[in-house]
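Asker: Position one of the sequence shown corresponds to residue 3 (the working numbering), numbered consecutively onward.
Yeah, the Cβ is synthetic: ideal placement off N, Cα and C, and Gly gets one too.
Pasting in a structure now, in structure tokens, and then I'll have a few things to ask.
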Amino acid sequence: MLNIFSEGMSLGQKAGLNGNQILEIIDAGAIANPMFKGKGAYAVKRGLQHKLSPLNTCKKDIRLAVALGDQLEQPLPTAAAAK
Numbered sequence: 003m004l005n006i007f008s009e010g011m012s013l014g015q016k017a018g019l020n021g022n023q024i025l026e027i028i029d030a031g032a033i034a035n036p037m038f039k040g041k042g043a044y045a046v047k048r049g050l051q052h053k054l055s056p057l058n059t060c061k062k063d064i065r066l067a068v069a070l071g072d073q074l075e076q077p078l079p080t081a082a083a084a085k
């Protein structure tokens, strides 16, 4: 979730939109959440050149979730596809 948020913020800013305005729009809509508010403000302040969440950490979390789903016989098709 954070990776796609970061890509969207990067795209919006590259297209000339103001980062703070993007955050205000996101916060007013259905996808508003505390993580976007906190990480978004940090990203706008520090710039998006840094990594907000390492991809390896996300991959590890998805791998662990899929493994637990397999163990409990609970299909996680979206997570498995992302993995």
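(1) Below 7 Å CB to CB, which residues in the same chain sit around residue 11 once its five sequence neighbours on both sides are set aside?
(2) Rounded to the nearest angstrom, what separates residue 36 and residue 76 at their Cα positions?
(3) Using 8 Å as the threshold, is the C-beta distance between residue 67 and residue 83 below it?
(4) Report the residue from 58, 38 and 15 whose alpha carbon sits nearest the alpha carbon of residue 151.
(5) At the level of alpha carbons, what is the spacing between residue 72 and residue 33?
(6) Looking at C-alpha atoms only, which residue of 69, 48 and 38 is the closest neighbour of residue 5?
Answerer: By the coordinates alone:
(1) 21, 24, 42, 45 and 50
(2) 28 Å
(3) no
(4) This structure does not reach residue 151, given that the chain is present from 3 up to 85, and the question cannot be answered.
(5) 29 Å
(6) 38
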